[in-house]
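*Asks:*
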Amino acid sequence: MLQLLLQPLLHNNQPRQFITHLLRRASSWNSRPQALPLYARMLDSSSSVDSVHAHISKSGFHGDIIIQTSLIVAHSNRSDVDSARAVFDSMTHRDVAAWNAMLSAYSHNGFVDRMVSLFQRMIVGFREGPNSRTLSILLGACEYRLGKCVHAYAHRHDVVDGDVFFCNSLLVFYGRCGDVAASEALFSTMGRRDLVSWNAMVSSLSPVEALETFRSMRVEGVRPDIVTVEGVVHACARLGDLSISESVHGLLVRSGFPLDVYVENSLILMYCRCGALKSGRRLFDAMRARNSVSWNVLLNGYILVFDFKEAWNLFRQMRGNGFDVSSEALVSAIQAAKLSSLVGSLHCLVIVMGFTRDAFVNSALVSAYGEVGLVGMSRKCCFDEGNAHTVSQNALLSIFVQNGHTHEALELLGNIFFGGRGCDSFALVQALTLSAELEDLVLGKAIHGYVIRTYLESNVYVGSSLLEMYASCGQLRNACVLFSKMPRKNIVAWNTMISGCSRNGYPHSSLSLFHLLQNHDGGLDPDAMTVVGVIDAISQRGFDREAKYIHEYAIRAALHEDEYVSSSLIAMYINMGNIDGAITVLDKSSKRSTVPWNTMIAECAHHGLSSEAISVFHEMRLRDVTPDSVTLVSLLPALSLLSSQRMGLWIHSIISKTGHECDVFVGTSLIDMYSKCGDLDMARQVFEKMSIKTIAPWNCIMRGYGMHGDVEEVDRLFLRMRGSGKDPDITTFLILASACSHAGDVEKVLNYVDIMISEYSLPLKAEHYASIVDLLGRKGLIKEAFEFLKRMPTVVAQKCGWGALLGACRAHGDLEVGLTAAEKVLELEGLHCGYNVLLSNLYAEQEKWMDASVVRRHLGELGIKKISGWSMVDG
43 MLQLLLQPLL HNNQPRQFIT HLLRRASSWN SRPQALPLYA RMLDSSSSVD
93 SVHAHISKSG FHGDIIIQTS LIVAHSNRSD VDSARAVFDS MTHRDVAAWN
143 AMLSAYSHNG FVDRMVSLFQ RMIVGFREGP NSRTLSILLG ACEYRLGKCV
193 HAYAHRHDVV DGDVFFCNSL LVFYGRCGDV AASEALFSTM GRRDLVSWNA
243 MVSSLSPVEA LETFRSMRVE GVRPDIVTVE GVVHACARLG DLSISESVHG
293 LLVRSGFPLD VYVENSLILM YCRCGALKSG RRLFDAMRAR NSVSWNVLLN
343 GYILVFDFKE AWNLFRQMRG NGFDVSSEAL VSAIQAAKLS SLVGSLHCLV
393 IVMGFTRDAF VNSALVSAYG EVGLVGMSRK CCFDEGNAHT VSQNALLSIF
443 VQNGHTHEAL ELLGNIFFGG RGCDSFALVQ ALTLSAELED LVLGKAIHGY
493 VIRTYLESNV YVGSSLLEMY ASCGQLRNAC VLFSKMPRKN IVAWNTMISG
543 CSRNGYPHSS LSLFHLLQNH DGGLDPDAMT VVGVIDAISQ RGFDREAKYI
593 HEYAIRAALH EDEYVSSSLI AMYINMGNID GAITVLDKSS KRSTVPWNTM
643 IAECAHHGLS SEAISVFHEM RLRDVTPDSV TLVSLLPALS LLSSQRMGLW
693 IHSIISKTGH ECDVFVGTSL IDMYSKCGDL DMARQVFEKM SIKTIAPWNC
743 IMRGYGMHGD VEEVDRLFLR MRGSGKDPDI TTFLILASAC SHAGDVEKVL
793 NYVDIMISEY SLPLKAEHYA SIVDLLGRKG LIKEAFEFLK RMPTVVAQKC
843 GWGALLGACR AHGDLEVGLT AAEKVLELEG LHCGYNVLLS NLYAEQEKWM
893 DASVVRRHLG ELGIKKISGW SMVDG
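Take 43 as the starting number for the sequence shown in the numbering used here and just add one per residue.
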């Protein structure tokens with residue numbers, strides 16, 4: 043009776059005018075427990091819960107358990123937990139529903155500690171004790187360890203047996219925590235299962251197991267609902283198998299399941315994740331009714347397969363059909379806009395539609411402007427009009443790091459640190475990435491200290507970034523200590539350590555970690571990146587037996603068709619001189635992907651196999667594999683090695699026909715190729731035609747003029763680059779130092795070093811020190827170079843510096859300083875053939891024939907031979 047009276051009042055939104063009458067009648071009805079949800083909704087729909095609360099007190103119903111429980115729910119629904127607790131504490135008598143309402147209030151509003159404390163009080167002070175609903179509320183909010191305790195409590199008090207509702211709560215809990223084994227064990231022991239039980243298993247299992255469970259569900263005659271279908275469709279999407287996805291779609295159609303807009307949206311998502319955009323588009327076009335989600339799902343699908351043109355056309359069609367553009371659709375459209383003009387147009391649309399203060403739209407604009415090279419506009423979007431959201435600042439920090447804007451990245455990092463908001467895990471990962479790229483151990487340790495103070499060490503992404511930072515800075519011991527102390531290691535952390543050991547010259551440790559990972563009981567399986575790290579380590583060791591082992595392992599683990607794995611195998615075989623092995627991998631790799639072909643071309647070029655690289659390019663075109671921009675960038679260095687201007691013009695014509703001239707990386711490689719072939723006019727022509735100039739083409743054209751001794755033009759280009767708003771990076775100053783070194787201009791080099799340190803806060807690298815020492819040595823300033831070397835901070839810098847000084851001493855016949863330089867450099871790198879030959883020649887030119895003979899004999903005993911120089915120039 044009470045439900046029938048309350049329901050029309052709720053629908054007509056008139057709870058206030060009838061509430062007194064209803065509350066007075068409610069005390070005499072026996073059906074109040076069934077009316078409790080309606081009470082809560084009625085109170086919550088009131089414009090002022092407080093006034094209703096006061097009216098209840100005046101009417102004399104403040105002692106009614108049902109009404110007070112409804113008030114707890116109403117206060118909880120508007121997140122007023124303190125008022126809910128005040129009502130709860132004022133209750134003279136409480137039943138289990140009242141305890142559950144208060145526990146649910148804490149759970150829904152995130153007060154887990156207070157929820158647990160109240161539950162402990164309930165166990166001690168409430169005679170009836172908790173029921174299955176109580177324990178389900180706890181499971182909905184607690185973490186894994188506490189949830190296991192709840193399960194144990196339920197088992198001791200016989201709550202689990204026969205209670206389907208609580209068992210379903212446990213299934214959902216274990217699925218959320220990723221404990222699939224516990225879910226399967228519980229599911230197998232359940233005497234009675236309902237549809238919720240099956241849905242919980244479908245949503246928590248791996249894609250293959252979820253589909254198998256769905257098949258078993260159908261065999262037992264359980265009819266799926268919308269939740270089941272969404273779980274199955276998402277399993278197909280994660281699996282990425284088009285044939286299985288089409289089978290599930292056909293099954294839904296044949297079984298007469300109602301395909302409403304929500305199911306069709308899920309099916310479109312499934313096809314998009316499988317890469318079958320044509321099937322997804324056909325389903326989309328056939329839909330009788332669409333909502334904004336339909337458009338957004340298909341938009342994201344095109345972006346996932348990098349079909350930005352079709353995504354852009356779909357966005358325009360969406361607007362033309364009169365659909366309201368949501369922030370999600372705008373974000374997708376911004377991601378699809380890969381031209382500066384399109385990004386600018388969308389920026390105007392964002393302003394017109396009033397989305398300028400939307401954090402995600404704004405961060406998408408920041409990223410889009412950065413991707414098209416307009417870093418200044420990225421900064422403007424982030425900070426203008428009060429849009430400096432945390433998400434936008436993180437996006438801008440990522441843009442600065444990716445584009446080499448070190449000074450701006452450090453400045454923004456300081457603002458984030460000291461701006462009052464603090465750094466989140468994403469910003470810390472970017473900051474550690476910057477430290478790793480700069481090899482700045484001081485900055486990395488400062489960030490590590492901040493991580494410790496903010497208790498973010500347990501974050502696996504931050505922890506993995508710390509490992510990468512220490513490994514990149516050569517502090518492998520620190521990385522190992524940190525890795526051993528990590529409470530939870532994901533596969534990224536293992537991969538970081540495996541690759542870090544390999545990069546730091548410990549390939550055997552990489553292999554040991556790989557075997558340890560396979561025997562690790564944490565349920566982690568090596569992935570493609572793990573195998574890539576191991577392949578790099580084996581490539582350094584050069585043992586055929588190990589190469590065969592990792593190749594066979596990749597095949598057994600079904601990873602050999604992965605683009606990165608196949609590319610690494612190709613690089614390993616070429617590095618070991620096994621061209622046939624590389625060709626075998628290439629033949630068995632994906633026939634549509636350009637990645638293995640690009641790797642083959644790039645590795646051949648890197649190892650001086652220019653003719654082989656060109657042959658692979660010809661074979662690639664014969665097999666109808668369309669070259670992309672990476673293919674052309676990989677091939678151009680091979681032509682640079684050949685110094686063949688004729689072949690350079692040929693590949694330039696292919697670039698023009700395929701429309702890759704606008705690509706910044708292709709243009710930069712063309713500039714480099716023409717410069718090395720001696721045609722600076724063509725290099726300059728390519729440079730001037732580039733519509734977007736990042737720091738890379740500026741560096742490349744300056745390097746070209748520097749190689750040909752035109753220091754004045756290098757200086758003019760540098761001033762022009764700074765005038766255009768582009769900030770130089772470490773490579774820029776290395777090019778400037780090298781050019782000035784060849785010109786013998788000491789003063790200009792020191793001026794550039796001062797600009798580098800004072801204006802851009804860039805650290806000097808080993809190559810900069812070597813260039814300065816080389817220049818001082820060329821000018822005959824041996825003593826000055828010797829004093830400068832004493833202040834070098836790192837071993838790597840000292841190696842390059844002492845080697846350059848030894849060459850200068852030989853050129854100027856300074857035996858005294860030369861012997862000191864030789865002693866230092868051979869102490870650091872005694873097996874370097876070039877330095878030993880320099881020392882031998884220095885002795886010989888001073889007519890110390892016995893000393894020269896001793897050095898040469900020592901080289902012969904070690905089996906070290908000087909590789910003869912060679913040159914091949916093709917007009």
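Just so it is clear, CB atoms sit at the ideal spot from N, CA and C, and this is done for glycine as well. Please read all numbers here as calculations on a predicted model, not as lab measurements.
What residue range does the alpha helix (DSSP H) around Thr774 cover?
*Replies:* Counted from its first residue, the sequence shown places residue 774 at position 732. Element bounds for Thr774: Ile772 to Ala785.
*Asks:* Does Thr538 come out as helix, strand or coil in the three-state DSSP assignment?
*Replies:* Residue numbering aside, residue 538 sits at position 496 when the sequence shown is read from its first letter. Here Thr538 sits in helix by DSSP.
*Asks:* Pull up the CB-CB distance for Leu416 and Phe397, whole angstroms please, since I reckon it's below 8 Å.
*Replies:* Locating residue 416 in the sequence shown gives position 374, counting from the first residue. Locating residue 397 in the sequence shown gives position 355, counting from the first residue. No, Leu416 and Phe397 are not in contact; Cβ-Cβ is about 19 Å, not under 8 Å.
*Asks:* Mark Ile489 as exposed unless 16 or more other C-beta atoms lie within 10 angstroms of its C-beta, in which case mark it buried.
*Replies:* Translated into positions along the sequence shown, residue 489 becomes position 447. Buried: at least 16 other Cβ atoms inside 10 Å.
*Asks:* Pick from Arg332, Phe585 and Asp106: whose alpha carbon is nearest that of Ala140?
*Replies:* Here the question's residue 140 lines up with position 98 in the sequence shown. Selected option, being the one with the closest Cα: Asp106.
*Asks:* In whole angstroms, what separates the C-alpha of Ile772 from that of Tyr344?
*Replies:* As a working note, residue 772 is residue 730 in the sequence shown. As a working note, residue 344 is residue 302 in the sequence shown. Approximately 37 Å between the Cα atoms of the pair.
*Asks:* Along the chain, where does the alpha helix (DSSP H) containing Glu754 start, and where does it finish?
*Replies:* Locating residue 754 in the sequence shown gives position 712, counting from the first residue. Here the alpha helix (DSSP H) through Glu754 covers Val753 to Gly765.
*Asks:* With respect to the alpha helix (DSSP H) encompassing Val347, which residues constitute its N-terminal and C-terminal limits?
*Replies:* Position 305 of the sequence shown holds residue 347. Looking at the DSSP string, Val347 is not in any alpha helix (DSSP H), and its letter there is neither H nor E.
*Asks:* Thr774 to Ile393, Cα distance in whole Å?
*Replies:* Sequence index remark: in the sequence shown, residue 774 carries index 732 (1-based). Sequence index remark: in the sequence shown, residue 393 carries index 351 (1-based). Between Thr774 and Ile393, the C-alpha separation is close to 38 Å.
*Asks:* Compute the Euclidean distance between the alpha carbons of Arg726 and Tyr716, then round it to the nearest angstrom.
*Replies:* Numbered from its first residue, the sequence shown carries residue 726 at position 684. Numbered from its first residue, the sequence shown carries residue 716 at position 674. Answer to the nearest angstrom: the Cα atoms are 9 Å apart.
*Asks:* CB Ser551 to CB Asp578, shorter than 8 Å?
*Replies:* For the purposes of this step, residue 551 is identified with residue 509 of the sequence shown, where counting begins at 1. For the purposes of this step, residue 578 is identified with residue 536 of the sequence shown, where counting begins at 1. Not a contact, by the Cβ cut-off of 8 Å.
*Asks:* Nearest-angstrom Cα distance between Gly819 and Phe585?
*Replies:* Residue mapping note: residue 819 aligns to position 777 of the sequence shown, counting from 1. Residue mapping note: residue 585 aligns to position 543 of the sequence shown, counting from 1. Rounded to whole angstroms, Gly819 to Phe585 spans 42 Å at the Cα level.
*Asks:* Just the Cα atoms here: how many angstroms apart are Gly217 and Gly189?
*Replies:* Numbered from 1 along the sequence shown, position 175 holds the residue referred to as residue 217. Numbered from 1 along the sequence shown, position 147 holds the residue referred to as residue 189. The alpha-carbon atoms of Gly217 and Gly189 are separated by roughly 12 Å.
*Asks:* With a cut-off of 8 Å on the beta carbons, I'd call Arg583 and Pro549 a contact; round off their distance for me.
*Replies:* Within the sequence shown, residue 583 is the residue found at index 541, counting from 1. Within the sequence shown, residue 549 is the residue found at index 507, counting from 1. Going by Cβ atoms, the distance from Arg583 to Pro549 rounds to 5 Å, so yes, they are a contact pair.
*Asks:* Would you call the CB atoms of Leu237 and Val264 closer than 8 Å?
*Replies:* Here residue 237 refers to the residue found at position 195 of the sequence shown. Here residue 264 refers to the residue found at position 222 of the sequence shown. Taking 8 Å as the Cβ cut-off, Leu237 and Val264 qualify as a contacting pair.
*Asks:* Pick from Val576, Asp200, Ser336 and Leu498: whose alpha carbon is nearest that of Gln555?
*Replies:* Here the question's residue 555 lines up with position 513 in the sequence shown. Note that residue 555 is Leu in the sequence shown here, rather than Gln. Of the candidates Val576, Asp200, Ser336 and Leu498, the one whose C-alpha sits nearest the C-alpha of Leu555 is Val576.
*Asks:* Give me the residue from Glu413, Val433 and Leu407 with the minimum Cα distance to Lys422.
*Replies:* The residue given as residue 422 occupies position 380 in the sequence shown. Considering only alpha carbons, the answer is Leu407.
*Asks:* Taking the alpha carbon of Ala331 as the point to measure from, which residue in Val305, Leu356 and Glu352 has its own alpha carbon closest?
*Replies:* One-based indexing of the sequence shown puts residue 331 at position 289. The shortest Cα separation from Ala331 among Val305, Leu356 and Glu352 belongs to Val305.
*Asks:* Using C-beta distances below 7 Å, list every residue in its chain close to Ala640, excluding the 5 sequence neighbours before and after it, in chain order.
*Replies:* Here residue 640 refers to the residue found at position 598 of the sequence shown. Note that residue 640 corresponds to Asn in the displayed sequence, not to Ala. Same-chain partners within the cutoff: Val672, Thr673 and Ser676.
*Asks:* Using 10 angstroms around the beta-carbon of Asp796, count the other beta-carbons present and answer buried if the total reaches 16, otherwise exposed.
*Replies:* The residue you call residue 796 lines up with position 754 of the sequence shown. Classification of Asp796: exposed, given that the 10 Å Cβ count is below 16.
*Asks:* Have a look at Tyr195 and Phe459 and give me their C-alpha separation to the nearest angstrom.
*Replies:* Position 153 of the sequence shown, counted from the start, is the residue given in the question as residue 195. Position 417 of the sequence shown, counted from the start, is the residue given in the question as residue 459. Looking at the two C-alpha atoms, the distance is approximately 45 Å.
*Asks:* Can you tell me whether DSSP reads Cys515 as helix, strand or coil?
*Replies:* Taking the first residue of the sequence shown as 1, we reach residue 515 at position 473. Correct three-state label for Cys515: coil.
*Asks:* I think Leu212 touches His193, with their Cβ atoms under 8 Å apart; what is that distance to the nearest whole Å?
*Replies:* Position 170 of the sequence shown, counting from 1, holds the residue named residue 212. Position 151 of the sequence shown, counting from 1, holds the residue named residue 193. Right, the Cβ-Cβ distance comes to about 6 Å (below 8 Å), so this counts as a contact.
*Asks:* At a cut-off of 7 Å, would you count Lys527 as near the ligand ATP, judging by its Cβ distance to the nearest heavy atom?
*Replies:* Of the ligands one can find in the structure shown there are none, so the ligand ATP has no counterpart to examine.
*Asks:* Just checking my contact of Gly317 with Val290 at CB under 8 Å: how many whole Å lie between their CB atoms?
*Replies:* As a working note, residue 317 is residue 275 in the sequence shown. As a working note, residue 290 is residue 248 in the sequence shown. Rounded, the Cβ-Cβ distance is 16 Å, inconsistent with contact.
*Asks:* Could you tell me the alpha carbon to alpha carbon distance between Ala277 and Val523, rounded to whole angstroms?
*Replies:* For the purposes of this step, residue 277 is identified with residue 235 of the sequence shown, where counting begins at 1. For the purposes of this step, residue 523 is identified with residue 481 of the sequence shown, where counting begins at 1. Spanning the two alpha carbons is a distance of roughly 39 Å.
*Asks:* So, for Ala655: in the same chain, excluding its five sequence neighbours on each side, which residues have a beta-carbon less than 7 Å away from its beta-carbon?
*Replies:* Taking the first residue of the sequence shown as 1, we reach residue 655 at position 613. Taken in chain order, the residues that qualify are Ile643, Cys646, Ala647, Leu677 and Ala680.
*Asks:* Rounded to whole angstroms, what is the Cα-Cα separation between Leu319 and Asn342?
*Replies:* The residue given as residue 319 occupies position 277 in the sequence shown. The residue given as residue 342 occupies position 300 in the sequence shown. Near 11 Å, if we compare the C-alpha coordinates of Asn342 and Leu319.
*Asks:* Does the region 740 to 756 come into contact with the region 430 to 437, if we say contact requires no fewer than three beta-carbon pairs (one atom in each stretch) closer than 8 Å?
*Replies:* Because the criterion of three Cβ pairs below 8 Å is not met, the region 740 to 756 and the region 430 to 437 do not touch.
*Asks:* Between Glu809 and Met614, what straight-line distance do the alpha-carbon atoms span, to the nearest angstrom?
*Replies:* Taking the sequence shown and counting its residues from 1, the one referred to as residue 809 is at position 767. Taking the sequence shown and counting its residues from 1, the one referred to as residue 614 is at position 572. For Glu809 and Met614, the distance between alpha carbons rounds to 28 Å.
*Asks:* My parser needs the alpha helix (DSSP H) runs of 4 or more residues fully inside the region 443 to 486; what are they?
*Replies:* Taking only runs of at least 4 residues, the alpha helix (DSSP H) segments lying wholly in the region 443 to 486 are 448 to 460 and 467 to 480.
*Asks:* Exposed or buried, what is Cys704 when buried is set at 16 or more other beta-carbons lying within 10 Å of its beta-carbon?
*Replies:* Locating residue 704 in the sequence shown gives position 662, counting from the first residue. By the 10 Å Cβ count, Cys704 comes out exposed.
*Asks:* Could you check if Cys191 is buried or exposed, using at least 16 other CB atoms within 10 Å of its CB as the buried criterion?
*Replies:* As a first step, residue 191 must be located in the sequence shown, where it is residue number 149. So Cys191 counts as exposed.
*Asks:* Leu253 lies in the alpha helix (DSSP H); which residues open and close that run?
*Replies:* Walking along the sequence shown from the start, residue 253 turns up at place 211. Run containing Leu253: Pro249 to Val261, per the alpha helix (DSSP H) assignment.
*Asks:* Tell me which same chain residues have a C-beta within less than 6 Å of the C-beta of Glu272, skipping the five on either side of it?
*Replies:* For this step, residue 272 is matched to residue 230 along the sequence shown. Only Ser308 meet the Cβ criterion.
*Asks:* Helix, strand or coil for His197, going by three-state DSSP, please let me know.
*Replies:* For the purposes of this step, residue 197 is identified with residue 155 of the sequence shown, where counting begins at 1. His197 falls in the helix class under three-state DSSP.
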